[in-house]
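Novice: Here's a structure for you.
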Amino acid sequence: MFATKRKSLLLSLSLLMALSATIAGCSKQNPETAPSAATEAAKTGKKEETITMSWPRDIGPMNPHLYNPSQLFAQSMIFEPLVMYKDGKIVPHLAESWAISPDGKEYTFKLRSNVKFSDGTAFTAKTVKKNFDAFMNNMKLHSWLGVVNVLEKTEAIDGSTFKLTLKEAYYPTLYDLAVVRPVRFLAESGFPDDGDTSKGVKNPIGTGPWVLSDYKKDEYAVFTPNQNYWGDKPKVDKVVVKVIPDAETRVLAFEKGDLDLIFGEGLISFDAYKQLEKSGKYATKLSEPVGTRNLVLNTMNEKLADLRVRQALHQGFNKKAMVEGVTLGMEEKADNILPKNLPYANIDVKPVEYNVEKAKALLEEAGWKLPAGKTVREKDGKALELELLYEKADLTQKAMAETLQAEWSAIGVKLNITGVELTVYIQRRKANQFDMNFYSNFGAPYDPHSFMTGVVQKGFGLSDPLQALPMKAEIDQKIKEGMKITDEKARTELFGSVLTTLQEQSSIIPVSYIKKIAVYQKEVSIVNFPSNRDEHPFYGIDKKE
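If you're matching positions, the sequence shown starts at 0 in numbering that gives the first Met the number 0 and goes up one per residue.
Below is the structure:
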């Protein structure tokens, strides 16, 4: 992500002296017990293998218990969870097994016995509890994570047994423990003296496969293998992350060979991806859907409170043509609010087909007439005029908004499109000050429970615009019941019913399935997409001989 520069020895030494305590701590490995990748390469005579990728911003301070500016993919390289989300299921990780009490309130984890932090210290139940205590002492920061709000007690039963006790049963507990932050683990040596990680950490020391070994803010970060790693060791000697804010510059750097990999969402334009793919010089790959791009229609607007109007809008634009035109076919048109590859989301719904005449008929039936000589429908002296809010920096949202504006004009709807800064966008969503806007779900391992929580709880931008649905109370009750019950079949039925109802109401209109991209030089071994949307892509990555 950053421009590559060769440093003189003197400059390198001065840089090392100026590095923050964070990085200094990362590089403090005993050379006898944790030789560097370069040292190992020199011993074996093997050429040092480096994977260089770009990122639009600095990786941040690498505090496992805090959020931005720390970048998720980088945090996941250093810090690990008790359990992982993989292929739609929760699988063991730092915990080799667990038991759940019949009432769903107690979770007892058996920890792996051979795990060490990168500083060589043991990973124990005591350390797990210390980390839980640290972020629970600042639970207001983490109230978005459901398990934080129902956690009653944590216990280190013995060195390798850790227990959570909840106030009430909460089925997504294991899913919440699989997210990248804040439920991952810092070594004792990384904690500040007062234990309050909300103020920062001494050193980002984790159990993960990588350590942060070199870093210059807003320019680059260098990760090397954790020589104490308990699992499969990385196959390359170094990962260099260069900060390149501009997407076009990122593409040019890749074409020059300064980058081995571009990976993520929205890092380059759809056009650029297609051009790189068409050249035949590089490997390109798209992930399975990681989320759905939806339109949220605010039922508290009296015009949109009418189901017929919402259905007319849904039928009144050519979703397939729009998605193919805007994303060049890299995203598929969506018929489901949540991708079907998420837990409890594999429901079959009848797709809403594009039909201008039916859309017009629905508006006529709802009383919205088109006066002679006019282009906008009216009812009771009011024009059928609506506003679509979008984040102005998001070029995909902007292009889709402009397409909808043109398409809906054909059925007599005037759509005003308003692009705003992200902070304003979030403020207006939370305050429910919009007619319609774009929304995409968080993906795995957050959904469907994060989506369901948003439907129930006010202030998240989903519950408030759904308030005028006549069955809103019933929807909320089904979600609350589904969160607590331990019967998987019953939960599947409840969540399936909620998703089906929301789609039938056209209050949330699925538009397209979002996918991650990978573009990489052909000497890089195949890049795999982690099941967890936020995890790093370096599992098993290698360079061909």
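We put the beta carbon where it would ideally sit given N, CA and C, even for glycine.
Check whether the region 136-147 touches the region 47-62, counting contact only when three or more Cβ pairs, one atom from each stretch, lie closer than 8 Å.
Specialist: With a cut-off of 8 Å, the region 47-62 and the region 136-147 do not count as touching, because too few Cβ pairs lie within range.
Novice: Tell me the start and end of each unbroken alpha helix (DSSP H) in the region 281-336 that is at least 4 residues and wholly inside, in chain order.
Specialist: Those alpha helix (DSSP H) runs which fall completely within the region 281-336 and span 4+ residues are 306-314 and 318-326.
Novice: Classify residue 473 as buried or exposed, calling it buried when 16 or more other Cβ atoms lie within 10 Å of its own Cβ.
Specialist: Position 474 of the sequence shown, counted from the first residue, corresponds to residue 473. The residue in question, residue 473, is exposed, as its Cβ has fewer than 16 Cβ neighbours within 10 Å.
Novice: Let me check understanding here. Comparing Cα to Cα, which of 500, 498 and 477 lies closest to residue 489?
Specialist: Against the sequence shown, residue 489 aligns to sequence position 490. The shortest Cα separation from residue 489 among 500, 498 and 477 belongs to 477.
Novice: Taking only three categories from DSSP, how would you classify residue 535?
Specialist: Looking up residue 535 in the sequence shown gives position 536. Of the three classes helix, strand and coil, the one that applies to residue 535 here is coil, per DSSP.
Novice: Considering only the alpha carbon of each residue, which of 356, 463, 507 and 464 lies closest to residue 411?
Specialist: Position 412 of the sequence shown, counted from the start, is the residue given in the question as residue 411. The residue with the shortest Cα to Cα distance from residue 411 is 356.
Novice: Name the DSSP bridge partner or partners of residue 263?
Specialist: Taking the first residue of the sequence shown as 1, we reach residue 263 at position 264. DSSP output for residue 263 lists 516 as bridge partner(s).
Novice: For residue 86, which of 341, 352, 434 and 437 has the nearest alpha-carbon?
Specialist: Within the sequence shown, numbered from 1, the residue matching residue 86 stands at position 87. Ranking the options by Cα distance to residue 86, first place goes to 341.
Novice: Can you tell me which of the three DSSP states residue 124 falls into?
Specialist: Counting from 1 along the sequence shown, the entry for residue 124 is found at position 125. Residue state, collapsed to three classes: helix.
Novice: Restricting to Cα atoms, I'd like to know which of 179, 353, 362 and 388 is closest to residue 141.
Specialist: As a first step, residue 141 is located in the sequence shown; it is residue number 142 there, counting from the start. Of 179, 353, 362 and 388, the residue nearest in Cα terms is 179.
Novice: Residue 460 by DSSP, collapsed to three states: which one?
Specialist: What you label residue 460 is simply residue 461 of the sequence shown in a count that begins at 1. Reduced to three states, the DSSP call for residue 460 is coil.
Novice: Please state whether DSSP places residue 418 in a helix, a strand or coil.
Specialist: Within the sequence shown, numbered from 1, the residue matching residue 418 stands at position 419. DSSP places residue 418 in strand when its eight states are reduced to three.
Novice: Quick one: what does DSSP say residue 212 is sitting in, helix, strand or coil?
Specialist: Residue 212 sits at position 213 when you count from the first residue of the sequence shown. In the structure shown, residue 212 sits in a strand (DSSP, three-state: E or B).
Novice: Tell me whether residue 90 is buried or exposed, calling it buried when 16 or more other Cβ atoms sit within 10 Å of its Cβ.
Specialist: Indexing the sequence shown from 1 puts residue 90 at position 91. By the neighbour-count rule (16 or more Cβ atoms within 10 Å), residue 90 is not buried but exposed.
Novice: Can you give me the C-alpha to C-alpha distance between residue 386 and residue 286, rounded to a whole angstrom?
Specialist: On the sequence shown, position 387 is the one that residue 386 refers to. On the sequence shown, position 287 is the one that residue 286 refers to. Their Cα atoms are separated by approximately 33 Å.
Novice: So who's on the other strand from residue 220, going by DSSP bridges?
Specialist: Indexing the sequence shown from 1 puts residue 220 at position 221. Beta-bridge pairing links residue 220 to 214 and 240.
Novice: Give me the residue from 270, 344, 403 and 339 with the minimum Cα distance to residue 313.
Specialist: Within the sequence shown, numbered from 1, the residue matching residue 313 stands at position 314. Cα-wise, what sits closest to residue 313 is 403.
Novice: Is the distance from the Cβ of residue 377 to the Cβ of residue 307 below 7 Å?
Specialist: Here the question's residue 377 lines up with position 378 in the sequence shown. Here the question's residue 307 lines up with position 308 in the sequence shown. Not closer than 7 Å, so no.
Novice: Determine the contact status of residue 536 and residue 253, defining contact as a CB-CB distance below 7 Å.
Specialist: Here residue 536 refers to the residue found at position 537 when the sequence shown is read from its first residue. Here residue 253 refers to the residue found at position 254 when the sequence shown is read from its first residue. No, they are not a contact pair.
Novice: Can you find the residues in the same chain that come closer than 6 Å, C-beta to C-beta, to residue 545, ignoring five residues on each side of it along the sequence?
Specialist: This structure gives no information on residue 545, because the portion of the chain shown stretches from 0 to 544.
Novice: Which residue or residues does DSSP assign as beta-bridge partners of residue 390?
Specialist: Here residue 390 refers to the residue found at position 391 of the sequence shown. Answer by DSSP bridge pairing, in chain order: 419.
Novice: Quick one: what's got a C-beta closer than 6 Å to residue 533's C-beta in the same chain, skipping five residues either side?
Specialist: Within the sequence shown, numbered from 1, the residue matching residue 533 stands at position 534. Same-chain partners within the cutoff: 71 and 179.
Novice: Which of helix, strand or coil does DSSP assign to residue 501?
Specialist: Stepping through the sequence shown from its first residue, residue 501 is reached at position 502. Here residue 501 sits in helix by DSSP.
Novice: Going by the DSSP bridge assignment, what does residue 385 pair with across the sheet?
Specialist: By one-based count along the sequence shown, residue 385 stands at place 386. Bridge partners of residue 385: 414.
Novice: Tell me the residue span of the beta strand (DSSP E) that contains residue 96.
Specialist: Here residue 96 is taken as the residue at index 97 of the sequence shown, counted from 1. It spans 94-99 - the beta strand (DSSP E) in which residue 96 sits, taken as one unbroken run.
Novice: Go ahead and label residue 96 buried or exposed: buried means 16 or more other beta carbons lie within 10 angstroms of its beta carbon, across all protein chains shown.
Specialist: Start at 1 with the first residue of the sequence shown, and residue 96 comes out as number 97. Answer is exposed; the Cβ neighbour count stays below 16.
Novice: From what residue to what residue does the alpha helix (DSSP H) around residue 272 run?
Specialist: As a position in the sequence shown, residue 272 is number 273, starting the count at 1. First-last of the alpha helix (DSSP H) with residue 272: 269-278.
Novice: Alpha carbon to alpha carbon, what distance is there between residue 527 and residue 519?
Specialist: Taking the sequence shown and counting its residues from 1, one reaches residue 519 at position 520. Taking the sequence shown and counting its residues from 1, one reaches residue 527 at position 528. When rounded, the distance between both Cα atoms is 12 Å.
Novice: Compare the Cα-Cα distances from residue 531 to each of 397, 165, 69 and 176 and report the closest residue.
Specialist: Numbered from its first residue, the sequence shown carries residue 531 at position 532. When each option's Cα is compared against that of residue 531, the closest is 176.
Novice: Give the C-beta separation of residue 116 and residue 59 to the nearest angstrom, bearing in mind that I take them to be a contact with Cβ-Cβ under 8 Å.
Specialist: One-based indexing of the sequence shown puts residue 116 at position 117. One-based indexing of the sequence shown puts residue 59 at position 60. That belief does not hold up - the Cβ atoms of residue 116 and residue 59 are roughly 20 Å apart, past 8 Å.
Novice: Exposed or buried, which one is residue 113 when buried takes at least 16 other CB atoms within 10 Å?
Specialist: Taking the first residue of the sequence shown as 1, we reach residue 113 at position 114. Answer is exposed; the Cβ neighbour count stays below 16.
Novice: My understanding is that residue 291 touches residue 512, with C-beta atoms under 8 Å, so please give their C-beta distance in whole angstroms.
Specialist: Here the question's residue 291 lines up with position 292 in the sequence shown. Here the question's residue 512 lines up with position 513 in the sequence shown. Indeed, because the Cβ distance is near 6 Å, the residues count as touching under 8 Å.
Novice: Along the chain, where does the beta strand (DSSP E) containing residue 53 start, and where does it finish?
Specialist: Locating residue 53 in the sequence shown gives position 54, where the first residue counts as 1. From DSSP, the beta strand (DSSP E) with residue 53 extends over 49-54.
Novice: Residue 133 and residue 196 look like a contact to me (Cβ under 8 Å); what is the Cβ gap, rounded to whole Å?
Specialist: Numbered from 1 along the sequence shown, position 134 holds the residue referred to as residue 133. Numbered from 1 along the sequence shown, position 197 holds the residue referred to as residue 196. So it is a contact: roughly 5 Å between Cβ atoms.
Novice: Please tell me whether residue 73 and residue 124 are closer than 7 Å, where the distance is taken between their beta carbons.
Specialist: Sequence index remark: in the sequence shown, residue 73 carries index 74 (1-based). Sequence index remark: in the sequence shown, residue 124 carries index 125 (1-based). Not in contact: residue 73 and residue 124 (Cβ atoms no closer than 7 Å).
Novice: Report buried or exposed for residue 320, applying the criterion of at least 16 other Cβ atoms within 10 angstroms of its Cβ.
Specialist: For the purposes of this step, residue 320 is identified with residue 321 of the sequence shown, where counting begins at 1. Answer is exposed; the Cβ neighbour count stays below 16.
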